[in-house]
Amino acid sequence: MSVLRTKQLTKKFGDFKALDGVNIEVNKGEVYGFIGPNGAGKSTTIRVLLGMLKATEGKAEIFGMDAWKDAVEIHKRLAYVPGDVNLWPNLTGGEVIDLFVKLRGGNPSTRRDQLIEKFDLDPSKKCGTYSKGNRQKVALIAALASEADLYILDEPTSGLDPLMERVFQESVAELKKEGKSILLSSHILSEVEKLCDRIGIIRQGQMIETGSLSELRHLTRTHLLIETKQPIPSLEDFPGVHDVKEKERALSFQVDTEQLDQVIKHISSYEVVKLESAPPTLEDLFMRHYESGGAEDGGEA
Amino acid sequence: MYKQMSSKTGVLSRFVLRQDRFRIPIWLLSLSGITLLTAQAFTGLYATEENRQTIAQTMVNPAMTAMVGKGYGLDDYTFGAMLAHQMLLFTAVTVAIMSILLVARHTRAEEEDGRLELIRSLPAGRLASLNATLIVLIGVNILLAVLTAAGLYALNIESIDLEGSLLYGAALGASGIIFAAITAFFSQLSESSRGTIGFSFAALGAAYLIRAIGDVSNETLSWFSPLGWVTGTEVYVNDYWWPILLTLGVSLILILTSLYINSIRDLDAGFLPSRPGKTRASAALASPIGLAFRMQRTGIIAWAVGVLLIGASYGSIFGDLDTFFEDMEIMKDLLSGLEGGSLTEQFIAKLMSIIAMICTIPALMAVFKLKGEEKKGRTEHLLARAVSRNRLLGSYMLISLVVGFVMLSLAALGLGAAAEAVLEDGPSLAAIYGAAMVYLPALAIFIGLAVLLTGLLPKLTGITWLYLGYSFFVVYLGGVFQFDEWVGNLTPFGHVPEVPIEDVNSVVLILLTIIAAVLTTGGFIGYRNRDIQG
Chain P
1 MSVLRTKQLT
11 KKFGDFKALD
21 GVNIEVNKGE
31 VYGFIGPNGA
41 GKSTTIRVLL
51 GMLKATEGKA
61 EIFGMDAWKD
71 AVEIHKRLAY
81 VPGDVNLWPN
91 LTGGEVIDLF
101 VKLRGGNPST
111 RRDQLIEKFD
121 LDPSKKCGTY
131 SKGNRQKVAL
141 IAALASEADL
151 YILDEPTSGL
161 DPLMERVFQE
171 SVAELKKEGK
181 SILLSSHILS
191 EVEKLCDRIG
201 IIRQGQMIET
211 GSLSELRHLT
221 RTHLLIETKQ
231 PIPSLEDFPG
241 VHDVKEKERA
251 LSFQVDTEQL
261 DQVIKHISSY
271 EVVKLESAPP
281 TLEDLFMRHY
291 ESGGAEDGGE
301 A
Chain X
1 MYKQMSSKTG
11 VLSRFVLRQD
21 RFRIPIWLLS
31 LSGITLLTAQ
41 AFTGLYATEE
51 NRQTIAQTMV
61 NPAMTAMVGK
71 GYGLDDYTFG
81 AMLAHQMLLF
91 TAVTVAIMSI
101 LLVARHTRAE
111 EEDGRLELIR
121 SLPAGRLASL
131 NATLIVLIGV
141 NILLAVLTAA
151 GLYALNIESI
161 DLEGSLLYGA
171 ALGASGIIFA
181 AITAFFSQLS
191 ESSRGTIGFS
201 FAALGAAYLI
211 RAIGDVSNET
221 LSWFSPLGWV
231 TGTEVYVNDY
241 WWPILLTLGV
251 SLILILTSLY
261 INSIRDLDAG
271 FLPSRPGKTR
281 ASAALASPIG
291 LAFRMQRTGI
301 IAWAVGVLLI
311 GASYGSIFGD
321 LDTFFEDMEI
331 MKDLLSGLEG
341 GSLTEQFIAK
351 LMSIIAMICT
361 IPALMAVFKL
371 KGEEKKGRTE
381 HLLARAVSRN
391 RLLGSYMLIS
401 LVVGFVMLSL
411 AALGLGAAAE
421 AVLEDGPSLA
431 AIYGAAMVYL
441 PALAIFIGLA
451 VLLTGLLPKL
461 TGITWLYLGY
471 SFFVVYLGGV
481 FQFDEWVGNL
491 TPFGHVPEVP
501 IEDVNSVVLI
511 LLTIIAAVLT
521 TGGFIGYRNR
531 DIQG
């Protein structure tokens with residue numbers, strides 16, 4: 001069952017097409033990673049989904065309701081963390097958290113205090129004195145303390161330190177266990193990789209790839225590091241092999257996943273003494289999209 | 001040691017000047033300009049000695065004394081004595097405000113935003129930034145003193161002599177310097193720029209209040225206030241210089257203390273404990289309207305005090321109104337077009353239109369606060385939760401309406417109460433209150449326009465201020481310039497019946513209210529259908 005769905009979502013600002021036919025579907029209990037470079041349209045998509053911006057064309061639905069018309073009804077069951085958290089400098093963090101929770105129609109639960117402790121936030125300080133990371137914590141705690149069915153998180157960890165990032169990841173994993181749905185926009189790829197069931201990549205207002213991590217693997221390359229007794233002649237000419245580099249006596253290179261079998265058969269004839277392989281990372285996938293995209297559009301990006 | 005801690009003071013001083021290359025000249029020109037213009041205007045307004053003696057009499061009452069200070073030389077009210085009495089204290093307060101804002105801006109605000117850290121990481125001394133700020137501020141205030149003194153003397157007005165003019169300028173400059181020193185002191189004690197500005201303004205307010213109470217009841221008390229020292233110079237009458245020396249001496253002590261504290265404290269640290277705030281939101285805060293009010297509370301209170309004082313100050317001159325106006329052609333022009341009623345009643349009618357427009361300002365600010373919140377990306381927090389756009393805009397509009405009503409009421413009550421105290425047989429408080437309340441529909445139209453623009457064309461909200469400025473111009477000066485009738489009819493304030501000299505015309509008031517409702521509705525529809533920026 002889909003909790004969130006956009007269909008051919010298009011948003012224009014004047015002549016500028018910020019979103020061009022974006023399709024996203026997030027199912028119940030799913031963590032959907034929404035990745036793309038700055039200015040690709042992630043925040044615009046999210047703001048349309050929240051009913052802040054009116055779609056020029058196409059549909060945006062959450063819980064089967066229209067994101068623009070039924071915003072208030074939808075928001076009763078939704079929690080949101082913006083990427084750039086701006087708070088009222090003369091209110092304390094504790095006050096803002098309570099305010100946010102009450103505005104959703106909930107009551108500050110015991111979860112609030114647990115989260116404050118977990119994220120190590122001093123709620124008695126004015127927001128004006130908070131660093132970016134602490135403001136983000138306020139928004140995160142307010143969102144996580146809410147009983148919601150869908151969580152929309154727009155680059156929620158961009159100001160957090162690695163320790164807090166882990167606390168965040170644990171919290172998301174917990175939500176997932178409870179069967180909540182999450183839309184997580186990010187450009188921290190390891191985070192998306194760790195948390196998300198499915199991924200959508202947006203670039204210049206268009207979704208260029210969607211699927212589960214394993215579905216997208218066909219686009220990726222496996223890193224191999226081998227050492228053989230006999231030198232391998234002209235490996236770089238072998239189909240599917242890229243980026244060959246010599247490292248002391250070893251060779252490091254990347255292999256297209258489809259060609260992996262052929263390559264392994266080929267190198268095994270040179271008496272392998274050491275073989276290390278690293279799984280394809282989202283980073284590679286991301287980079288490859290940029291490379292190919294960059295080549296298509298010439299110097300535009 | 002001191003030399004090392006002050007390293008790069010010169011560079012930083014120039015940097016401060018570079019940052020404020022527009023701000024400082026604007027302050028200097030407007031502050032010295034207002035003094036010179038007023039002095040010049042006095043010669044036209046009160047040409048004869050008789051005129052001046054008449055106005056001197058209207059000044060002798062506790063309300064005026066509390067506001068502008070004790071008058072000196074009232075029995076021989078020369079232009080100089082008049083200028084020093086009516087203008088010096090207010091100008092000194094404005095100079096103090098300039099100093100507070102400039103010092104806070106270059107000290108604690110820089111530190112809070114982390115810019116000072118960058119500078120300190122360079123080979124600049126620990127005291128360099130504070131030194132530079134104070135040097136610039138002292139320079140600015142000396143320049144102000146010189147400009148004012150030279151300008152006043154150059155006007156060549158009888159009784160505005162060289163020594164008095166120098167002292168007048170010095171009094172302004174000294175009050176600027178002492179409040180720069182006070183702000184520098186608080187910028188070392190407080191941890192935030194809000195705190196610095198807050199404490200400094202509190203000090204200014206306390207100085208004003210102590211002097212007001214002292215001037216009315218016990219003169220010794222006034223000597224505990226730096227503003228009491230300003231009026232204590234008795235410029236153009238007795239020309240006492242020693243209060244200037246006293247001011248500068250105290251400033252020096254404050255500056256040395258600030259520098260000492262600055263030299264021993266950590267970066268970003270304060271000396272006043274920042275008390276922990278509430279960890280829980282009160283029930284009153286946790287709603288869109290509660291939040292909107294909380295964010296504007298301080299501003300609203302300040303405006304409330306302000307309009308009450310404006311009302312009371314106008315009310316306090318009612319006693320001698322008729323003698324006051326007798327010879328003044330300009331007042332007759334201002335009041336022309338008003339038929340019937342006594343001069344006092346005509347004056348009330350005129351005054352109310354002005355007061356109503358002043359009270360429109362905080363009401364408009366209350367609506368436009370929403371736009372400011374949107375620009376800072378904070379409405380998003382509310383709209384992303386279960387808050388509808390109608391409820392959000394409605395909260396701000398409701399606050400605006402209440403603010404408009406409260407301000408108008410306070411101004412009318414202040415005016416009525418003061419008038420009652422000085423007039424034996426004047427209009428009743430109820431009549432004055434009624435004369436104010438008829439302006440509510442016109443005020444509502446302005447709020448409606450503000451809501452309309454916020455909803456439909458948020459980029460053009462400035463139109464509302466232009467329109468209010470236009471209204472002020474045509475209503476206030478309409479009589480002087482003899483405009484055609486349609487010019488005045490373009491503003492809702494031109495349509496309000498001029499109570500108490502006219503009867504209340506309910507048809508007009510209802511029509512105005514309907515227009516306000518239509519504008520508001522348009523604004524709500526627009527706000528529901530537009531994108532939220534941020």
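Line order of the protein sequences matches chains P and X.
According to the numbering used here, the first sequence is numbered sequentially starting from 1.
According to the numbering used here, the second sequence is numbered sequentially starting from 1.
Backbone N, C-alpha and C define an ideal beta-carbon position, used for all residues, glycine too.
If you count every other CB in all the chains shown that lies within 10 Å of the CB of residue i, and 16 or more means buried, which is it?
i	result
E485/X	exposed
I168/X	Checking the sequence shown, residue 168/X turns out to be Tyr, not Ile. Counting Cβ neighbours within 10 Å, Y168/X comes out buried, since at least 16 surround it.
I98/P	In the sequence as displayed, the identity of residue 98/P is Asp instead of Ile. Answer is buried; the Cβ neighbour count reaches 16.
L256/X	exposed
V172/P	buried
Y72/X	buried
Q254/P	buried
A517/X	exposed
Q114/P	exposed
Q8/P	exposed
F168/P	buried
Y77/X	buried
M1/X	exposed
For residue i, which residues from the same chain have a beta carbon less than 8 Å from its beta carbon, with the 5 sequence-adjacent residues on both sides left out?
i	result
Q136/P	V81, V85, P156, T157, S158, G159, L160
M5/X	G125, R126, L127, A128, S263
Short of 7 Å in beta carbon distance, which residues of its chain neighbour residue i, apart from the five on each side in sequence? Order them along the chain.
i	result
I182/X	S200, A203, L254
S146/P	A79, V101, R104, G106
A212/X	A66
L134/X	A180, A184, I255
G290/X	A284
G298/P	Its pLDDT being 36, under 50, G298/P is placed unreliably by the model, and the measurement read from it follows with that caveat. Excluding sequence neighbours, G298/P sits near nothing in its chain.
S428/X	none
Under the assumption that residue i contacts residue j (Cβ atoms under 8 Å), give the Cβ distance between them as a whole number of angstroms.
i	j	result
G41/P	A67/P	Not confirmed; about 16 Å, so no contact.
R535/X	S263/X	This structure gives no information on residue 535/X, because the portion of chain X shown stretches from 1 to 534.
V367/X	S400/X	5 Å
A312/P	K11/P	The structure shown does not extend to residue 312/P, since chain P is modelled only from 1 to 301, so the question has no answer here.
P288/X	R391/X	6 Å
E73/P	M65/P	6 Å
L251/P	I232/P	7 Å
I199/P	G33/P	4 Å
Is the distance from the Cβ of residue i to the Cβ of residue j below 8 Å?
i	j	result
A92/X	L172/X	yes
V272/P	T228/P	yes
I432/X	L415/X	yes
G455/X	G522/X	yes
A411/X	G494/X	no
D149/P	K180/P	yes
I178/X	S225/X	no
A538/X	A435/X	Given a span of 1 to 534 for chain X in the structure shown, any question on residue 538/X remains unanswerable.
G176/X	V95/X	yes
L275/P	I202/P	no
G448/X	T520/X	yes
G93/P	Y130/P	yes
G315/X	A419/X	yes
Grab me the residues of residue i's own chain with a C-beta within less than 6 Å of its C-beta, minus the 5 sequence neighbours each way, in chain order.
i	result
E296/P	Residue placement at E296/P cannot be trusted, given a pLDDT of 42 that sits under 50; what the coordinates show is reported in the next sentence. Cβ neighbours of E296/P beyond the five flanking positions: none.
R389/X	Y527, R528
Is it a yes or a no for the stretch 126 to 146 of chain X touching the stretch 99 to 106 of chain X, going by three-plus beta-carbon pairs under 8 Å? Touching, yes, given that three or more Cβ pairs across the two stretches are closer than 8 Å.
For the structure I just gave you, are there three or more beta carbon pairs, one from the stretch 32 to 42 of chain X and one from the stretch 294 to 304 of chain X, closer than 8 Å? No, because fewer than three Cβ pairs between the stretch 32 to 42 of chain X and the stretch 294 to 304 of chain X fall closer than 8 Å, the two stretches do not touch.
For the 8 Å Cβ check, are there 3 or more pairs between the stretch 83 to 102 of chain X and the stretch 238 to 251 of chain X? Taking 8 Å as the limit for Cβ pairs, the verdict is that the stretch 238 to 251 of chain X does not touch the stretch 83 to 102 of chain X.
Check whether the stretch 3 to 16 of chain P touches the stretch 185 to 196 of chain P, taking contact to mean three or more Cβ pairs, one atom from each stretch, closer than 8 Å. Flag = no, the stretch 3 to 16 of chain P and the stretch 185 to 196 of chain P do not touch.
Taking 8 Å as the threshold, find out whether the stretch 345 to 358 of chain X comes into contact with the stretch 487 to 503 of chain X through three or more Cβ pairs. Yes, they touch.
Are at least three pairs of beta-carbons, each pair with one atom in the stretch 196 to 215 of chain P and one in the stretch 234 to 246 of chain P, less than 8 Å apart? Pairwise C-beta distances place the stretch 196 to 215 of chain P out of contact with the stretch 234 to 246 of chain P, as fewer than three of them are shorter than 8 Å.
Can we say the stretch 15 to 35 of chain X touches the stretch 137 to 147 of chain X, given the rule of at least three CB pairs closer than 8 Å? Two segments are said to touch when three or more pairs of C-beta atoms, one from each, lie closer than 8 Å; by this definition the stretch 15 to 35 of chain X touches the stretch 137 to 147 of chain X.
So, do the stretch 41 to 61 of chain X and the stretch 14 to 24 of chain X have three or more beta carbon pairs nearer to each other than 8 Å? Not touching, per the Cβ criterion.
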